[in-house]
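In numbering that gives the first Met the number 0, the protein residues as written are 0 to 436.
Cβ coordinates follow ideal geometry from the N, Cα and C atoms, glycine included.
These notes concern the structure reproduced below.
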Amino acid sequence: MATFQPLPGFRDFYPEDLAKRTHIFRLWRQTAAAFGFAEYDTPVLEPLDLYRAKSGDEIEAQLFSFTDKGKREVALRPEMTPSVCRLVGERAGALKRPIKWFSIAEFYRYERMQKGRGRCFHQFNADVFGEPGPEAEIELIALLVQCMRAFGLTQKDFCVRLSDRNLWFHYLGSLGLDDARIRALLGAIDKYERSGHEAFKPYEDAFGPLPEGLKDKVLAFLAIRSFEELESALGADPAAGTAARLADWRKLLGGLSAMGLADYIQVDLGVVRGLAYYTGFVFEAFDRKGELRALAGGGRYDDLVGKLGGSELPAVGFAIGDMTFALLLEERGLSPAVAAAPDVYCVIGGEAERRAAFADIHRLRSGGYRVEYPLKELAFGKQFKAAAESGARLALIYGGDELARGVVKMRDMGTRTEREFPASEVEASVRGFFAGP
RNA sequence: GCGGUCAUAGCUCAGUUGGUUAGAGCACAAGAUUGUGGAUCUUGGGGUCGCGGGUUCGAGUCCCGUUGGCCGCCCCA
């Protein structure tokens with residue numbers, strides 16, 4: 000048994016594990032690039048205060064934090080949002096807008112492990128800065144959906160639940176609640192799906208019992224699952240702010256619908272996200288079977304860049320975590336069975352032939368072909384077996400007989416056919432083979 | 001932080017009421033096989049039975065503790 004193990008919640012990635020992860024990252028990158036998002040990165044280690052400023056002191060319990068040798072309080076990043084807010088805030092005046100950025104990075108949280116959650120994980124983060132209207136949400140939600148569809152997931156596998164903290168504020172405000180009560184109530188609404196009426200307990204502890212009539216209205220609003228219900232719940236003659244907000248909704252839903260993504264969107268006012276810093280539309284992606292944790296989450300946070308980066312800048316963003324996402328792919332059989340096979344396997348007679356082969360091997364590799372050969376002398380039988388197991392489409396045979404005649408033999412591993420060509424034409428012949436008929 | 005459950009080879013697992021030197025399959029390696037395919041056969045390497053303590057003539061097996069995995073609660077940026 001090994002003396003050393005990874006720290007709790009951390010994982011080793013053997014090549015077959017890393018291949019799956021890399022495949023996920025590659026499709027995310029391609030998708031983000033197709034949407035015109037630019038990739039950035041930030042330090043893994045940040046000042047602890049960056050997270051205190053965003054989330055308050057209590058966050059510290061879930062942080063990998065320590066004091067460095069310069070007596071600085073630091074923390075491994077638990078999320079990307081504060082860092083990226085700093086970046087765009089610093090250069091807000093110089094960046095062309097809209098600012099569409101994404102990253103794929105590793106994060107650390109000192110938490111208890113669970114299915115789909117570890118102490119280190121990766122997230123794909125995408126944000127649009129500088130666009131206050133729902134056009135930014137259209138862009139981001141479309142990107143989120145495509146980041147899943149790119150793997151073959153369909154509307155049968157997942158959906159994006161869409162809600163609006165802004166509208167909740169309007170609605171609860173119209174019922175006569177003040178800001179503190181609204182925030183406490185949103186906390187209850189966030190937990191209602193899981194905890195039921197228990198969820199209202201913290202609110203009632205702080206502000207006293209919720210009148211039945213009010214509670215019924217909250218529960219009715221929370222149960223809204225379509226835009227039509229939303230419109231009628233707000234009445235035929237909504238206040239001016241509410242009417243403008245409904246126009247934003249029409250624009251957002253209309254845009255996503257025009258992109259052909261309507262089947263992926265589920266209006267669901269029961270989603271409000273626990274985070275106080277969200278200011279407008281919020282959304283979460285779930286697997287349709289409801290067996291897994293949330294796949295992704297995001298929303299608008301128009302005040303955070305000003306708080307962390309210095310310049311006021313509207314923003315909306317989301318993150319997809321890699322662990323739950325990988326579980327979903329695995330479950331649906333969409334995880335790639337990748338074993339990168341060489342293009343060419345060289346079968347080599349002996350030491351003299353090996354020297355001849357090396358020149359070609361290096362030339363082919365320089366040309367971008369993936370070339371393998373046995374490091375140690377092996378019987379021909381073993382070498383052909385190894386060539387077959389490697390998955391190479393082509394075997395080059397450097398035997399004593401062939402080299403004596405100035406030729407190299409080329410075997411198509413698929414068709415099991417062979418032909419010979421002059422030893423000087425190896426690269427051209429290989430190129431011809433892979434160019435195909 | 002709390003609860004449940006598990007821990008024997010790289011992997012999946014056997015291991016009898018406590019009894020000799022802890023086993024199998026897969027995987028890996030060598031040979032059969034010095035010029036042609038994933039087979040077969042033979043052989044081999046690989047274990048402080050998670051770790052520590054206790055009971056016992058004797059512990060993989062029973063007891064206590066501990067560490068770690070998995071599942072859930074709290075939390076979930």
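For Glu78, the three-state secondary structure derived from DSSP is coil.
Between the beta-carbon of Arg410 and that of Asp156 there is about 43 Å, and that puts the pair past the 8 Å contact cut. Annotation: the continuous alpha helix (DSSP H) that includes Val304 extends over Leu303 to Gly308.
In the structure shown, Glu203 falls within a helical segment according to DSSP collapsed to helix, strand and coil. Our two residues, Glu329 and Met147, have alpha carbons roughly 13 Å apart in a direct line.
Under the three-state reduction of DSSP output, Asp156 falls in the coil class, being neither helix nor strand. Ranked by how close their Cα comes to the Cα of Ser256, the residues Gly296, Arg362, Ala235 and Val144 have Val144 in first place.
Three or more beta-carbon pairs separated by less than 8 Å link the region 89 to 97 to the region 128 to 144, which places the two stretches in contact. Shown here, Met412 sits in coil according to DSSP, grouped into three states, outside any helix or strand.
Residue pairing by DSSP places Glu130 in no beta bridge whatsoever. With contacts defined by Cβ atoms closer than 8 Å, Lys114 and Ala325 do not form a contacting pair. Ranked by Cα distance from Arg51, the first of Leu307, Gly348 and Glu417 is Leu307. Bridge pairing for Asn124: Ser102 and Ala318 [DSSP]. Proximity of the region 222 to 241 to the region 198 to 208 falls short of the contact definition, fewer than three beta-carbon pairs being nearer than 8 Å. Here Asp286 carries a strand assignment [DSSP, helix/strand/coil]. Of the candidates Leu218, Asp302 and Glu290, Asp302 places its Cα closest to the Cα of Thr80.
Two segments are said to touch when three or more pairs of C-beta atoms, one from each, lie closer than 8 Å; by this definition the region 31 to 47 touches the region 74 to 89. With contacts defined by Cβ atoms closer than 8 Å, Arg118 and Tyr109 form a contacting pair. For Gln265, there is no enclosing alpha helix (DSSP H); the enclosing beta strand (DSSP E) has its first and last residue at Ile264 to Val266. Contact between the region 238 to 249 and the region 206 to 216 is absent: fewer than three C-beta pairs spanning the two stretches fall below 8 Å. By the Cβ-count criterion, Arg164 is buried, with 16 or more other Cβ atoms from all chains shown falling within 10 Å of its own Cβ.
Here Arg116 carries a strand assignment [DSSP, helix/strand/coil]. Beta-bridge pairing by DSSP links Asp400 to no other residue. With fewer than 16 other Cβ atoms from the protein chains shown falling within 10 Å of its own Cβ, Gly35 counts as exposed. Close CB contacts of Ser82 within its chain, under the 8 Å cut and outside five residues either way in sequence, are with Thr41, Pro42, Glu45, Leu49 and Arg76 (chain order). Gln382 counts as buried, since at least 16 other C-beta atoms from the protein chains shown sit within 10 angstroms of its C-beta. Per the coordinates, the alpha-carbon of Tyr13 lies some 12 Å from the alpha-carbon of Thr21.
Pairing Glu417 with Arg430, the inter-Cα distance amounts to about 16 Å. Judged by DSSP in its simplified three-state form, Ala18 adopts helix. For the pair Ser194 and Glu388, the Cα-to-Cα distance works out to about 54 Å.
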